[in-house]
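Below is one structure, written out as structure tokens; comments come after it.
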Amino acid sequence: MTSAAAIGAPSLGARARALANSWPPVVSVVCVMALFELLSRADVIPRSAFPPLTATFETLGELLGETSFWTAVWDTLKGWGIGLGIAAGAAIPLGVLIGTSHLLYRSLRVPIEFLRPIPSVALIPLAILVYGTGIHSKVFLVVFASFWQLLINTLYGVRDVDPVTIDTARAFGLGPVARLGRITLPSAVPYIATGLRIASTTALILAVTAELVIGSPGLGREIELARQGGANEIVYALIIVLGILGWVLNAGFSRLERRALHWHPSQWSKGVPA
Amino acid sequence: MRLRLLALSLEVAVPAALVAGWWLWTTTHDSFFFPALPDILRSFADTWVFERIGSDVGPSLKRLSIGFCAAAVVAVTVGVLLGQSLFARRAANPIIEFFRAIPPVALLPFGILVIGIGDTMKIAIIATVCLWPILLNTVDAVASLDPTLEATTRVYGVRGFERLRRVVLPAAAPQIAAGLRTSLSLSLIMMVVSEMVASTNGIGYFILQSQRTFAIPEMWSGILLLGFLGYVLNLVFVLLEQRFLRWHRGARATSRAA
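Following this line, the structure appears as structure tokens:
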């Protein structure tokens, strides 16, 4: 016996199961936090280095009310966003160009393999020299790091196109531009989306690194200042903020990646409706 | 055939042309921040060829390798344990996800606060940062063991340590290797950054110090060294992976051809 309501809404059993599945993570987080709090208050772990969680959360609450905090958040996000945008705007078209031309790929393969492993942090002193300690050096570092990841991922995506599909398109009389637009690019989009997700994490890491080491305005600089000033609770509060920020950005790009991939055959088995 | 020859010659000619271009451009244009390539190479030979290997490269590499290996051992062990228990995975998931999302660099002030400046702190930070990619990949690999493989193992009564050694670890190896590779580049980054922020020796310290004292060719030689180091580490890792996962690539190639 079917009813219209039963088809749409999850059954009572399914909802109960979902609830039963959700308690382990909640309980474990609560337990870990409680344990940390106890250890800190009992001074088993030195309270100077590990302030109790409640004190940290209190400081976090205070921070949320200060404009300087939100300015720092905005500064970090600004460097992150501008850097990622420039990197994407350069790397994705370049990746498509190099990927579609076999000769270009072979010419540039060795330089790319050599430039790619250079840790972008090695360029921090160069950035300081050329751009100073403002947002420009931060953006420079973010662009350098994200560029390579996006380029590599786009390259792989473009080169991984099923050759049978391309040949079929050619047999049906599609010109090179049409083949690019209808087959290569859609096929490469999942790789580009994955590359964007990884690059966004790298961009945040580099942005915070630049702020911490160079002193560009942002959350990284605030953490370092707080540490030098001995305000340990602010240090911990800001680390938590950065964790949340990193998690939010990652979740956002993951969702974008899933949407870009929803038509891809590899995703059908994961229970996503075709 | 002609195309293949052209591609091969381009592969050699273009990098050579780029280096030559760099040489020409920097020797003709007098820029303080971008010294002539011959000067950089000369200072590279003066500084790094055997003079500073003991004082800077050695300590850097020591921190890198201890941190990375410690992370690998802990992560694979914990990962295998977590991967086998759905309950443990669900319970630990939010904690792992949160710590993974923290930009590694933000842990440096925490490290300086708790452990102070010194080798222990750097090794601890490198290990902490490298832990997460390996852990996540291990958990994922162990948890998604091929069901047919799992069923066959159970039917044949293979249990415990034998099962781990002969079935679970080899099946998880490719994904663990991918995690190890990510961690390797992360460890290099953290080594450099920790040396820039809190150190009195090391490659990162040398580069920053050169910049502060405006010894620009030396700074560039340090950057070159780091690029070279990154390339070599990656190469060594790929070679090791190809050696140990030979059977996997063979199996994949067969299934792809089928």
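Chains A and B, in that order, give the protein sequences.
Just so you know, the first sequence maps onto residues 1 to 274 in my numbering.
Just so you know, the second sequence maps onto residues 275 to 532 in my numbering.
C-beta atoms are modelled at their ideal positions from N, C-alpha and C, and glycine is treated no differently.
What separation, rounded to the nearest whole angstrom, lies between the Cα atoms of Gly13(A) and Leu19(A)?
-> Straight-line Cα distance between these residues: approximately 10 Å.
When the Cα atoms are used, what is the spatial distance from Pro333(B) to Ile389(B)?
-> 18 Å
Would you identify the three-state DSSP class for Phe50(A), choosing helix, strand or coil?
-> Reduced to three states, the DSSP call for Phe50(A) is coil.
Assigned secondary structure, Phe117(A) (DSSP; H/G/I helix, E/B strand, else coil) | Note on identity: in this sequence residue 117(A) is Pro, with Phe being the wrong assignment. In the structure shown, Pro117(A) sits in coil (DSSP, three-state: anything other than H, G, I, E or B).
Taking Leu77(A) as the reference, which of Met33(A), Leu53(A) and Val248(A) has the closest Cα?
-> Val248(A)
For Thr54(A), which residues from the same chain have a beta carbon less than 8 Å from its beta carbon, with the 5 sequence-adjacent residues on both sides left out?
-> Glu37
Contact list for Gly504(B) against chain A, beta-carbon separation under 9 Å = Arg116, Pro117, Ile118, Pro119 and Ala122
Three or more C-beta pairs closer than 8 Å, one from the stretch 60–77 of chain A and one from the stretch 234–247 of chain A: is that the case here?
-> yes
Which ranges would you report for the alpha helix (DSSP H) in the stretch 196–265 of chain A if only whole runs of at least 4 residues count?
-> Listed in chain order, the complete alpha helix (DSSP H) runs (minimum 4 residues) inside the stretch 196–265 of chain A are 219–228 and 232–261.
Candidates Ala251(A), Ile240(A) and Val26(A): which alpha carbon is nearest Val379(B)'s?
-> Ile240(A)
Say whether chain B places a C-beta atom closer than 8 Å to the C-beta of Val272(A).
-> Residue placement at Val272(A) is flagged as unreliable, the pLDDT there being 37, under the threshold of 50; the coordinate-derived value follows with that caveat. Chain B contact via Cβ: absent.
Counting only beta-carbon atoms, is Gly453(B) nearer than 8 Å to chain A?
-> Closer than 8 Å: no.
Does Gly65(A) come within less than 8 Å of chain B when only Cβ atoms are used?
-> By this cut-off, Gly65(A) is not an interface position.
In terms of residues, what are the limits of the alpha helix (DSSP H) holding Gln149(A)?
-> Ile135 to Arg159
Among Phe308(B), Gly328(B) and Trp521(B), which residue has its Cα nearest to the Cα of Ala489(B)?
-> Phe308(B)
Asn475(B) (DSSP reduced to helix, strand or coil) | coil
Would you grab the beta carbon distance between Ser461(B) and Leu382(B) for me? Rounded to a whole angstrom, and I think it's under 8 Å.
-> The Cβ separation is near 14 Å, so there is no contact.
Ordered along the chain, which non-local residues of its own chain (more than five positions away) have a Cβ less than 8 Å from that of Thr56(A)?
-> Glu233, Tyr236, Ala237 and Ile240
Of the choices Asp43(A), Glu62(A), Tyr105(A) and Arg116(A), whose alpha-carbon is the least far from that of Arg278(B)?
-> The shortest C-alpha separation from Arg278(B) is found at Tyr105(A).
Does any C-beta atom of chain A lie closer than 8 Å to the C-beta of Ala366(B)?
-> yes
Host alpha helix (DSSP H) of Glu424(B) (start-end) = Boundaries of the alpha helix (DSSP H) harbouring Glu424(B): Pro421 to Val429, taken from the DSSP string.
Using the beta-carbon of each residue, which ones in chain B are nearer than 8 Å to Ser68(A)?
-> The contact set of Ser68(A) on chain B, defined by CB atoms closer than 8 Å, is empty, because the minimum CB distance reaches about 18 Å.
Rank Ile198(A), Val158(A) and Ile192(A) by C-alpha distance to the C-alpha of Ile183(A) and give the top, closest one.
-> Val158(A)
C-alpha distance - Trp70(A) paired with Leu64(A), whole-angstrom precision | 7 Å
Is Ser28(A) close to chain B, meaning its C-beta is less than 8 Å from at least one C-beta of that chain?
-> yes
Does any C-beta atom of chain B lie closer than 8 Å to the C-beta of Ile223(A)?
-> It does: the Cβ of Ile223(A) has a partner Cβ on chain B nearer than 8 Å.
If you drop the 5 nearest sequence neighbours on each side, which residues of the same chain put their C-beta closer than 6 Å to that of Ala188(A)?
-> Gly157 and Val158
If Phe114(A) sits next to Tyr505(B), beta carbons under 8 Å apart, how far is it from one beta carbon to the other, in whole angstroms?
-> Right, the Cβ-Cβ distance comes to about 6 Å (below 8 Å), so this counts as a contact.
Return the CA-CA distance between Leu410(B) and Gly453(B), expressed in angstroms with no decimal places.
-> C-alpha separation (whole angstroms): 8 Å.
Who are the neighbours of Glu285(B) on chain A, taking C-beta pairs under 7 Å?
-> What Glu285(B) touches in chain A: Arg106, Ser107, Arg109 and Val110.
Going by other Cβ atoms of all chains shown within 10 Å of its Cβ, with 16 needed for buried, is Trp263(A) buried or exposed?
-> exposed
Using a Cβ-Cβ cut-off of less than 7 Å, list which residues of the stretch 149–183 of chain A approach chain B; keep chain order.
-> none
Residue-level contact to chain A via CB, Glu371(B), 8 Å cutoff = yes
Does the beta-carbon of Trp322(B) have 16 or more other beta-carbons within 10 angstroms, so that it is buried, or is it exposed?
-> buried
In chain order, what residues of the same chain have a beta carbon less than 8 Å from the beta carbon of Asp160(A), not counting five sequence neighbours either side?
-> Answer for Asp160(A): Ser187, Ala188 and Tyr191, listed in chain order.
DSSP three-state call for Glu515(B): helix, strand or coil?
-> Residue state, collapsed to three classes: helix.
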